[in-house]
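S.K.: Residue numbers (this note's numbering): 147 to 556.
I have a structure here, written as structure tokens, and I will follow up with some questions on it.
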RNA sequence: CGGGGUGUGGCCCAGUUGGCAAGGCGUCUGGUUUGGGACCAGAAGAUCGUGGGUUCGAGUCCCGCCACCCCGACCA
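This is the structure we're talking about:
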């Protein structure tokens with residue numbers, strides 16, 4: 147991508163109606179744009195990052211046999227009445243069609259996925275199965291806040307699994323837990339992310355959250371110094387020791403929830419009368435699990451965690467581009483390098499702008515935060531190459547022109 | 001939903017006692033620049049969130065409403 151053609155541009159001004167770091171810097175760098183409280187447009191750079199997060203999530207859900215679907219975001223009133231949530235789920239956005247029929251914008255999809263699965267899963271031979279989607283969710287939060295960390299409209303991956311018995315759910319649940327940690331590892335968040343025991347809400351005694359430590363978070367967790375495990379403050383009164391090693395001297399920390407998995411049991415299969423036929427020809431209730439994760443919130447979390455005073459420092463796995471190539475009055479030589487990178491399928495943002503000073507280009511590169519910066523200038527060309535600098539380091543080195551591809555090709 | 005705060009060109013903001021709405025960023029034109037957000041000259045761009053009220057006169061004072069931010073409550 148040539149930066150001269152990029153739809154967005156950066157700004158020095160901090161938006162006045164944002165105080166959260168993730169929103170301020172993502173807006174300044176041109177990744178997102180604010181429409182209203184908890185509502186953001188994703189712009190070309192931001193969408194590239196979001197899609198990369200989504201694709202990592204997709205790949206890992208495939209490893210636990212999740213099949214991707216896309217369900218409706220518009221949902222009929224009747225399905226929510228079936229579970230008694232139309233009147234008891236206060237984050238539902240409700241609306242009325244022109245025939246006075248009422249709808250809700252999807253806040254979560256148990257009410258849609260259960261009737262759907264009921265149409266296909268009728269026999270013990272057809273289970274277990276799990277399906278997931280990556281979709282916009284709507285929740286009428288009384289107070290949206292903290293940029294991408296709590297929106298009224300946000301992106302969510304929600305997976306639902308269907309089992310014949312509790313043991314099968316329990317086993318599957320553990321494999322999904324492991325897949326979640328692989329996702330956080332690939333996103334660079336693993337060391338900061340804790341499996342957290344928390345309230346089970348309406349469906350079970352406990353659930354598991356994945357909490358990433360950051361001062362920007364709104365949850366308080368008590369972490370075990372030995373295990374990568376924590377207890378949410380919600381339940382610390384009844385569970386004030388490490389669930390794994392039983393230590394009692396847990397340390398309080400602020401964190402943001404980046405995933406939440408539940409064993410639903412028969413709550414929804416029973417509400418929608420979803421049953422299957424077992425080996426003996428008897429009708430049995432289906433056992434369900436659900437597994438949530440918010441890619442847009444994760445994007446905000448990563449910005450909160452990986453940054454310095456100059457801007458974002460994207461992990462390579464989700465950076466909008468691997469390389470930011472800056473031309474300082476040497477567009478001819480730089481264009482040749484740009485073409486060669488493109489020809490080798492190496493993602494590059496090429497700052498070919500001719501009316502922008504060197505200082506502004508450096509500032510933009512630091513703000514946007516691609517992992518590697520390549521500078522082409524008369525100085526570097528005299529020394530036979532280009533200057534390479536990692537966003538995470540102050541070290542610079544000259545790479546000979548014929549070695550650039552080797553440097554980045556894996 | 002309670003409490004607090006803020007609304008002034010696209011963005012950040014100044015605006016004194018009620019008296020011609022200032023500056024910066026960005027944009028456009030011309031010129032000079034080019035290794036850490038350059039400089040000079042010129043130009044365009046505002047029904048001051050919105051509706052009422054007070055006044056000769058309201059960005060400024062009063063009342064209602066709306067939006068956004070923060071704290072709290074809430075948060076499958």
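Note that the Cβ used here is the ideal one computed from N, Cα and C, for glycine as well.
As the structure is a computational prediction, the values presented were derived from the model and not from experiment.
Comparing C-alpha positions only, which one of 515, 390, 425 and 339 sits nearest to residue 363?
M.R.: If we check each option's Cα against that of residue 363, 339 comes out closest.
S.K.: Taking its Cβ as the centre, do 16 or more other Cβ atoms sit within 10 Å of residue 307, making it buried, or is it exposed?
M.R.: By the neighbour-count rule (16 or more Cβ atoms within 10 Å), residue 307 is buried.
S.K.: Assuming residue 369 contacts residue 341 under a Cβ cut-off of 8 Å, what Cβ separation, rounded to an integer in Å, is found between them?
M.R.: About 10 Å; that fails the 8 Å criterion.
S.K.: Between 513, 174, 517 and 411, which lies nearest to residue 312 when the distance is taken from Cα to Cα?
M.R.: Taking only the C-alpha atoms, the option nearest residue 312 is 411.
S.K.: Between the Cα of residue 494 and the Cα atoms of 191, 332 and 222, which residue gives the shortest distance?
M.R.: The shortest C-alpha separation from residue 494 is found at 191.
S.K.: Quick test of your reading: residue 210 and residue 276, contact by CB under 8 Å. State the CB separation rounded to the nearest angstrom.
M.R.: The pair is a contact, with the Cβ atoms about 7 Å apart (cut-off 8 Å).
S.K.: What is the C-beta distance between residue 523 and residue 476, in whole angstroms, given that I count them as a contact (C-beta under 8 Å)?
M.R.: That belief holds up - the Cβ atoms of residue 523 and residue 476 are roughly 6 Å apart, short of 8 Å.
S.K.: Mind reading off the beta-carbon distance from residue 259 to residue 217? Whole number of angstroms is fine, and I expect it under 8 Å.
M.R.: That belief holds up - the Cβ atoms of residue 259 and residue 217 are roughly 7 Å apart, short of 8 Å.
S.K.: Alpha carbon to alpha carbon, how far is residue 317 from residue 310? Give it in angstroms, no decimals.
M.R.: Roughly 12 Å between the two C-alpha positions.
S.K.: Go through its chain and collect everything with a Cβ distance to residue 138's Cβ below 8 Å, but skip five positions before and after it.
M.R.: The requested residue 138 is not part of the displayed model; the chain covers only 147 to 556.
S.K.: Which same chain residues, not among the five before or five after residue 457, have their C-beta less than 7 Å away from its C-beta?
M.R.: Hits under 7 Å: 171, 175, 512, 513, 514 and 515.
S.K.: Smallest Cα separation from residue 418: which of 167, 230 and 448?
M.R.: Ranking 167, 230 and 448 by Cα distance to residue 418 puts 230 first.
S.K.: Please return the same chain residues whose Cβ sits closer than 6 Å to the Cβ of residue 393, not counting the five positions on each side in sequence.
M.R.: Counting only Cβ-Cβ distances below 6 Å, and skipping sequence neighbours, we find 370.
S.K.: Got a sec? Which residues, its chain only, sit under 7 Å from residue 373 by beta carbon, not counting five neighbours each side?
M.R.: Cβ neighbours of residue 373 beyond the five flanking positions: 388, 390 and 391.
S.K.: Quick one: is residue 357 buried, meaning 16 or more other Cβ sit within 10 Å of its Cβ, or exposed?
M.R.: Looking at its Cβ environment, which holds 16 or more other Cβ atoms inside 10 Å, residue 357 is buried.
S.K.: Smallest Cα separation from residue 271: which of 409, 257, 235 and 432?
M.R.: The shortest C-alpha separation from residue 271 is found at 432.
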